[in-house]
Every structure is written in C-alpha cells, then in structure tokens.
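Number 47 in my numbering belongs to position 10 of the sequence shown; there are no gaps in the numbering. Positions of the beta carbon are idealized from the N, C-alpha and C atoms, including for glycine.
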Amino acid sequence: ASDVYKRHHLDWHVSHYIKVILDEIFGKENFRNEIIWAYPAASAKTRRFFIRSFDSILFYTKSNEYTFNDDPGIYMEYSDRVKFALKEDDKGMFYYRGGSHNGKRLSQKVYVTNKGIFPRDVWTDIPYIRANTLEYQAFSTQKPERLLRRIILASSNKDDIVADFFCGTGTSLAVAEKLGRRWIGSDIAKQAINISRKRIIDVWNSNDLIDWNKKYKRRAQPFKIVRNNEYSQAINTYKDFLVENIQMKDIISLIQDTKFVVNISENDSKITVDLVDYFTPNLKLIKDIIKNRIKNFSDWIDSWSIDFNHHEHSFFTAWISYRTLKNRKLDLTSVPYNYKDKGKHKISIKVNDILGIETIQDYEVVIT
C-alpha cells in the first residue's frame, strides 16, 4: 500500500545512526519530521554534561500519498505565555499577539480556539510515565498512552492496521484497540508478550483516551497469539556450541520440563478446574533473589487460562486469571463451565510463570 507510514522512537544513543539507514530505506524525500518528545527529567547528580530529557521520533512515509489527520485529539494546550497574554475583542473573541513585527507595528492577532494549538515538532505536554499511574508496567522503555494517542490519531483512521514489532508492554496495541484500529504486535521476549496480552485483556479497566478521568469500560476485541517455532530447529543446529558456552542444555530442560497439576471436577454437566501445583526444575538456574520470594507454588504463576473446547492449533481463552502490578491476587479455581453437549471434550490449560515460561497441558473430560 502507498499510504504506509513508519514512526521510529529512539533516544540519543542511536537516533543519528538510524536516520541514515532509514533515509536509505525510505528515501530522504519521504522523511517528514523529527519530533522531539521533551519530558521533565528526574534530578541528576552529574555536572559533567547537560541533563538528558528528550527522545526523538522519526516520521517517515512510503510515498507522498499518506494519511495525516487534523484531528482535535492531537492538539496541544496553549502555553502559559499565551494564556497570560490573552485579550478579548469587542465581539467576545479571545486572541493574543503572534507572528513577527518590525518594532513599528503590532504583531498580528491570533485567535484561540477550544481545540488548542496544532502540534509543532517539539512536544512538551506529555509527561513520562510515573509509577502511580494505571498504565505503569515497570518496563524501562514503556511509553505513555497519550504519546501513542497523538501519533495514531494523526496517522491512521478507524479500522486501519497499527503494527508495533517491538511491542514491549503493549502500549501501541492498547491505544490502537481503544481508538478502534486493528493491530499487530510482536516481541522476542516472552515476558513482553505476556504483559501485552494481559494489558489487552484488562483494557476495559484502563483510562479512557477521550476523557482521561474515566475508565474505558469496553472489552477488547478477540485476538490471537501466534508463535514462531523455528527456534527449536536453530537450537538443534547450534546445540554443541550453546551447551559448551552458555549451558543452553539446562535452559532448554528448564523450559521443557515445567509442569503443573490440576484437579478437574464435574457437577451437573459443569466443569471446574483447580490449579493445585506447579513444578519448576533446575532451580539452580534461577537467581536466589527470586527463589527467596517463593513461599507457595502459586507464587511462580503470573497467569493461567483455560480453553474448554480445544481444537488443534487454536487456543481460545474461555477463562483466565492473571496478576497485575496493582492487583497481585490470582484465582486458583476457575468458574464452572457448562457443557451443553454430552460426550468427550478436550480441555487445554495454559500456565505462564514469572520467568516468562509458558506450559500447556491437554486433558479429556467426559460429560454424561
């Protein structure tokens, strides 16, 4: 498609290198903006250089045909300087003096609107995420939803696809979901996928993007997690090297040998599942700081979910329990699931632990 656009968020370490590469890929003529996202910096002890308190966002398009919306939701508030300088004309309209002047005549009148001011390429109105906010996920590179809101509103329309191939905590995905966009997210880290998954499921409990003081209160649309299983072939190919250098054999064993125990009970065609134990072998690979915090088997569990009518190659989450930073409670008993049809049914249960390891076990139940 010709209306594809890309925005790359970078800090001062690599932005100058990446821009050269992106110019080569997209063409210098398709570079639209370098946006400076400036945010208040925490106090720093250094006096060896100026405190770093901004990131760069490089905005490229695939061609001259691209979407850019003059959406009210992207506007910035007027600065305090403008607010203090406002005057009212004889029609009750508010304005301030803007533009250049030569000292002999007054600068032009600029009338203000309820929308605010159209954004320049320096954004100072979006603070960094603080730990006391709903969206905080304790992830070092997490971006605020307000930042993604401005980018997505400006550069896409409803039902467009927003893709984030380093999705981290899933901010882009959550914002796209709340703005009515379709989305694709990927990440090499299992923890990132687990966090993103829980965040999308919990999106109803997050802030509304139109009225930040309200909850969103709408469930996410169904989504699917697809995994690239090619890593197993790569592990076999380089097995000797990995075992010799970084003890990959033990790590593989840790991933493959995790298992859990459940109790499945039936009552009047209803199935209830209890998670009763979880086993993590090779504890020597796990740091003491983590092991010392484990008082019960459930402390290993980050989330677990059940597909009560499992079909091959497809896991449909019919029930789930998961922890968040604000709510650490984990239900170990599922709600009863009512089967309408008698006979055999396949149940698939998925457990994700705090190390990012996912374990899936299948069971068969018979409804009589």
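Residue burial is scored here from C-beta neighbours: Ile262 has fewer than 16 other C-beta atoms within 10 angstroms and is therefore classed as exposed. Judged by DSSP secondary structure, Val403 falls within the beta strand (DSSP E) whose first and last residues are Glu395 to Ile404.
In the DSSP assignment, Asn300 falls within the unbroken beta strand (DSSP E) covering Lys296 to Asn304. In this structure, DSSP gives Trp74 an extended state, which the three-state scheme calls strand.
For Arg85, the three-state secondary structure derived from DSSP is coil.
Looking only at Ile94, Ser93, Ala78 and Leu95, the smallest Cα-Cα distance to Phe87 is reached by Ala78. Across the structure, Thr354 and Arg85 are spaced so that their CA atoms are roughly 53 Å apart.
Beta-bridge annotation (DSSP): Trp356 is paired with Ile343. The DSSP-derived three-state label of Ala229 is helix. Rounded to whole angstroms, the gap between the alpha carbons of Ile394 and Ala175 is 19 Å.
In the three-state scheme derived from DSSP, where H, G and I count as helix and E and B as strand, Asp92 is classed as strand. DSSP, reduced to helix, strand and coil, places His53 within a helical segment of the structure shown. Closest in alpha carbon position to Ser342, among Asn375, Asp390 and Asp92, is Asp390. For Ser351, the three-state secondary structure derived from DSSP is strand. Nearest C-alpha to Tyr165 among Ser90, Ile55 and Thr405: Ser90. Using a Cβ distance threshold of 9 Å, Asp158 and Met113 do not count as a contacting pair. Burial state of Thr150 is exposed, judged by a 10 Å Cβ sphere holding fewer than 16 other Cβ atoms. Per DSSP, Lys120 is one residue of the alpha helix (DSSP H) stretching across Asp117 to Phe121.
Secondary structure in the region 198-224: the alpha helix (DSSP H) runs of 4 residues or longer, each lying completely within the stretch, are 208-215 in chain order. Judged by beta-carbon spacing, Lys146 lies within the 9 Å limit of Tyr133, meaning their Cβ atoms are closer than that value. Segment contact: the region 302-317 against the region 208-218, fewer than three CB-CB distances shorter than 8 Å; contact not assigned. DSSP, read as helix, strand or coil, puts Ile238 in helix.
Counting only the Cα atoms, Ser335 lies some 33 Å from Asp378.
Nearest neighbour of Ser371 by Cα position, chosen from Lys363, Asn346, Ser302 and Lys324, turns out to be Ser302. Rounded to the nearest whole angstrom, the CA to CA distance from Ile55 to Thr98 is 15 Å. Around the C-beta of Arg167, fewer than 16 other C-beta atoms lie within 10 Å, and the residue is accordingly described as exposed. The closest CA to that of Leu185, considering only Ile221, Leu246, Glu401 and Ala229, is found on Leu246. Cβ contact annotation for Tyr173 (same chain, cutoff 6 Å, sequence separation greater than five): Ile166, in chain order. For Arg134, the enclosing beta strand (DSSP E) starts and ends at Phe131 to Gly135.
Counting along the chain, Lys65 sits inside no beta strand (DSSP E), nor does DSSP assign it H or E at all. Note on His46: 16 or more other CB atoms within 10 angstroms of its CB, so buried under the neighbour-count rule.
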